[in-house]
Amino acid sequence: MLEVINLSKIFYIKINGSKEVVGCQDINFKVNKGEFLSILGPSGVGKSTILKCIYRTYIPTSGDIYYESLLFGKLNIAKISDRTMIALREKEIGYVSQFLRVIPRVTAIDLVIEPIMKKNGISYKEARDIAEELLFKLKIPKYLFDAYPSTFSGGEQQKVNIARGVIWKPRVLLLDEPTASLDIESTKIVIDLLMTLKEEGTTIVAIFHDEKLASLVSDKILRISGRSI
Amino acid sequence: MELFPILEVRNLTKIYGKPCGECISHTGPIYETNICSRCNSLVACADINFELYPGEILGIVGESGSGKSTVIKLLAFDVEPLQGEYYIKHEKIINILGNGQKNLFNLTPFEKRQIRNQVIGIVYQYPYLGLKMNISAGGNIAENLLVAGLRNLKRIREKVLELFEKTELPIQRIDEPPIKFSGGMQQRVQIAKALSNNPPVLFLDEVTTGLDVSVKARILDLIKNLHHDYNFSIIIVSHDLSIIRVLTHRTIVMKLGRVVEAGLTDQILEDPQHPYTQLLVNSQL
Chain W
1 MLEVINLSKI FYIKINGSKE VVGCQDINFK VNKGEFLSIL GPSGVGKSTI
51 LKCIYRTYIP TSGDIYYESL LFGKLNIAKI SDRTMIALRE KEIGYVSQFL
101 RVIPRVTAID LVIEPIMKKN GISYKEARDI AEELLFKLKI PKYLFDAYPS
151 TFSGGEQQKV NIARGVIWKP RVLLLDEPTA SLDIESTKIV IDLLMTLKEE
201 GTTIVAIFHD EKLASLVSDK ILRISGRSI
Chain R
230 MELFPILEVR NLTKIYGKPC GECISHTGPI YETNICSRCN SLVACADINF
280 ELYPGEILGI VGESGSGKST VIKLLAFDVE PLQGEYYIKH EKIINILGNG
330 QKNLFNLTPF EKRQIRNQVI GIVYQYPYLG LKMNISAGGN IAENLLVAGL
380 RNLKRIREKV LELFEKTELP IQRIDEPPIK FSGGMQQRVQ IAKALSNNPP
430 VLFLDEVTTG LDVSVKARIL DLIKNLHHDY NFSIIIVSHD LSIIRVLTHR
480 TIVMKLGRVV EAGLTDQILE DPQHPYTQLL VNSQL
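Chains W and R are the protein sequences, given in the same order. Here the first sequence stands for residues 1 to 229, numbered as in our numbering. Here the second sequence stands for residues 230 to 514, numbered as in our numbering.
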């Protein structure tokens, strides 16, 4: 489903002279359809960089990211056009960042509704019903549905973020520390949601800090150690 | 999945002054100037290529003098290019020009006016460029409908009222001239006018520059909601990266008349490749 070969990302910063910052180096892994891969490793080792390369927020410096797309067949994400990537983001590949990027004056429920409407073209009413059920499952109090998430606690924001990521059941879901700001009970709810998604066929790549949790949920673990340079 | 662009621009070049033939090869970011050292012509933009896809919002960023507004003026037929090709694929174009792909820059003035009226909506930074400031707001919008061939006065009035409602303008002020309106309201009148004939393509040139933050926010909300409801394709020119971040799918970065970088908006903002884009992104407060 997804195969990463010799992926490296180096940032070339050209302000006030030039600097090189290594994001990640020589990353290799393979995930089959419906598998759950966890990425473990100390901070600053480039775990997020890998996910951002797959989502093409970063342009890989070298290496290949092969993905078997439903829409386009097998392709190399490192090489595809921006338009193809936009289509994959709307129809196949989801990404849940570490922190919710709040869009000014968009309510929590509308943030969650957006991706499913983009994918399925269902009506606002239908999308809202699905979103409400999901937020209810995540134990977000009903009075917050139509509020702006900028005022939410870190945990509530992260739940909205996860709801946004899982509502449209993407084929591939990339998660950057999905449970970092959650308490034990919320973590359990989120893991249950991810497991349901996995059972329905979603391939998951997730970054975790909690080794125990990772070994509990994943089929494969990728360990990244300090980089050599 | 829309894989074919609605709008295509090829090799677009605009030079102010008499070009000497060496202007393009002696200007641009590498030479750190857009003025030709041989003939003093100003190369406003050169070799611009891009596509806009159905339903897409494309951003053009760059500092003052980068040529971003020139591109919009060229596409709106406000000025004529030195060279370039410009295509729009839409049923409305077929209605006006018949079948077959035609370079829109080569059309007659009459055909260009029709396209401006039916196919392209434009909102300028300065309301006086898009509106007649001393004619009633309703009249400004009605003018576009009249040009489109609408003759039934009752129908025109209905349509103007509908556009007022859509752009959240107070209907009781329909007969007042835009000169009496606040900056934010003037932009709403411009947007209403731009939308009057349901154009598939909309150009927004620094539409919120100079407005208060709260007014700016409401104009952006309006644009977002209208885009959601009508799904037209938009080119938005701005030097404000926060607007680009919130609204656009892809972004083009211009400097001294050239495109220095183009990509997915989040990639441009988080992994900028060109030194100029890196500086631009890092200049954000």
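For glycine and all other residues, C-beta sits at the position ideal for the given N, C-alpha and C.
Backbone secondary structure at residue i - three-state DSSP
| i | result |
| --- | --- |
| D469 of chain R | coil |
| G63 of chain W | strand |
| F334 of chain R | helix |
| E490 of chain R | strand |
| V217 of chain W | helix |
| T436 of chain R | Checking the sequence shown, residue 436 of chain R turns out to be Val, not Thr. Reduced to three states, the DSSP call for V436 of chain R is coil. |
| D26 of chain W | strand |
| I351 of chain R | strand |
| A180 of chain W | coil |
| S228 of chain W | Residue placement at S228 of chain W cannot be trusted, given a pLDDT of 47 that sits under 50; what the coordinates show is reported in the next sentence. S228 of chain W: coil per DSSP, three-state reduction. |
| N76 of chain W | strand |
| E397 of chain R | coil |
| A305 of chain R | coil |
| Q507 of chain R | helix |
| I204 of chain W | strand |
| F196 of chain R | Not covered by the structure: residue 196 of chain R. The range shown for chain R is 230 to 514. |
| G250 of chain R | coil |
| L375 of chain R | helix |
| G154 of chain W | helix |
| L390 of chain R | helix |
| I289 of chain R | strand |
| A108 of chain W | helix |
| V48 of chain W | Note that residue 48 of chain W corresponds to Ser in the displayed sequence, not to Val. The answer is helix: DSSP assigns S48 of chain W an H, G or I state. |
| V102 of chain W | coil |
| I448 of chain R | helix |
| F145 of chain W | coil |
| L311 of chain R | coil |
| E199 of chain W | helix |
Nearest-angstrom Cβ-Cβ length linking residue i and residue j, presumed shorter than 8 Å
| i | j | result |
| --- | --- | --- |
| L265 of chain R | C274 of chain R | As written in the sequence, residue 265 of chain R is Cys, which differs from the Leu given in the question. About 14 Å separates the two Cβ atoms, so there is no contact after all. |
| N346 of chain R | K422 of chain R | Contact flag wrong, Cβ pair sits at about 11 Å. |
| G23 of chain W | Y58 of chain W | 7 Å |
| I235 of chain R | P283 of chain R | 5 Å |
| S295 of chain R | M414 of chain R | Going by Cβ atoms, the distance from S295 of chain R to M414 of chain R rounds to 29 Å, so no, they are not a contact pair. |
| G486 of chain R | V272 of chain R | 5 Å |
| T242 of chain R | D276 of chain R | 6 Å |
| I463 of chain R | I301 of chain R | Wrong, their Cβ atoms sit about 11 Å apart, outside the cutoff. |
| V31 of chain W | L37 of chain W | 5 Å |
| E177 of chain W | F208 of chain W | 7 Å |
Partners in chain W for residue i, counting only beta-carbon separations shorter than 8 Å
| i | result |
| --- | --- |
| Q415 of chain R | Residues of chain W passing the Cβ test: none, with the nearest at roughly 22 Å. |
| N381 of chain R | Those do not exist, as N381 of chain R stays about 33 Å from chain W at its closest Cβ, beyond 8 Å. |
| P504 of chain R | K14 and I15 |
| L508 of chain R | I15 |
| E499 of chain R | K52, T57 and Y58 |
Residues that residue i contacts on chain R, provided the C-beta gap is smaller than 8 Å
| i | result |
| --- | --- |
| M280 of chain W | A query on residue 280 of chain W cannot be resolved here, the shown segment of chain W reaching from 1 to 229 and no further. |
Residues that residue i bridges to, as DSSP identifies them
| i | result |
| --- | --- |
| Y95 of chain W | W:L174 |
| C274 of chain R | R:K243 |
| Y228 of chain R | In this structure chain R extends from 230 to 514, so residue 228 of chain R is not present and cannot be described. |
| F11 of chain W | W:V21 |
| V31 of chain W | W:L2 |
| L222 of chain W | W:I39 |
| V483 of chain R | A small fix is needed here, since residue 483 of chain R is Met in this sequence, not Val. Paired residues: R:V488. |
| G257 of chain R | R:T262 |
| G412 of chain R | DSSP output for G412 of chain R lists no bridge partner at all. |
| V442 of chain R | Bridge partners of V442 of chain R: none, in fact. |
| E68 of chain W | W:K74 |
| V430 of chain R | R:I349 and R:S462 |
Beta-carbon neighbours of residue i, restricted to chain W and to distances below 7 Å
| i | result |
| --- | --- |
| N511 of chain R | I15 |
| D450 of chain R | R105 |
| A377 of chain R | Correct list: empty, because the minimum Cβ distance to chain W is about 30 Å. |
Chain-ordered neighbours of residue i on chain R, where CB pairs are closer than 7 Å
| i | result |
| --- | --- |
| D82 of chain W | R479, G492 and L493 |
message = Which residues of the segment 258 to 286 of chain R have a Cβ closer than 9 Å to any Cβ of chain W? Give them in chain order.
response = Within the segment 258 to 286 of chain R, the residues whose Cβ lies closer than 9 Å to some Cβ of chain W are E280, Y282 and E285, listed in chain order.
Residues, ordered as in the chain, of the segment 465 to 491 of chain R that lie near chain W by beta-carbon distance below 7 Å = From the segment 465 to 491 of chain R, only V475, H478 and R479 have a Cβ closer than 7 Å to chain W.
key: Residues from the segment 99 to 113 of chain W in contact with chain R, defined by Cβ distance under 7 Å   = Within the segment 99 to 113 of chain W, the residues whose Cβ lies closer than 7 Å to some Cβ of chain R are I103, P104 and R105, listed in chain order.
request  = Residues of the segment 49 to 75 of chain W with a CB closer than 8 Å to any CB of chain R: list them in chain order, please.
outcome  = Within the segment 49 to 75 of chain W, the residues whose Cβ lies closer than 8 Å to some Cβ of chain R are K52, R56, T57, Y58, I59 and L71, listed in chain order.
key: Chain-ordered residues of the segment 13 to 25 of chain W with a beta carbon less than 8 Å from chain R   = Going along the segment 13 to 25 of chain W in chain order, one finds I13, K14 and I15 with a Cβ nearer than 8 Å to chain R.
ask   = Which residues, in order along the segment 187 to 208 of chain W, keep a beta-carbon less than 9 Å from a beta-carbon of chain R?
value = Here the close residues number zero.
inquiry  = Residues of the segment 416 to 444 of chain R in Cβ contact with chain W at a cutoff of 7 Å, in chain order, please.
reply    = So the list is empty, because no residue satisfies the distance condition.
query = For the segment 286 to 304 of chain R, which residues have a beta carbon sitting closer than 7 Å to at least one beta carbon of chain W?
reply = Correct list: empty, as no residue qualifies.
inquiry  = Using a Cβ-Cβ cutoff of 7 Å, what residues of the segment 304 to 325 of chain R are near chain W? List them in chain order.
reply    = Only those residues of the segment 304 to 325 of chain R whose C-beta falls short of 7 Å from the nearest C-beta of chain W would be listed, and there are none.
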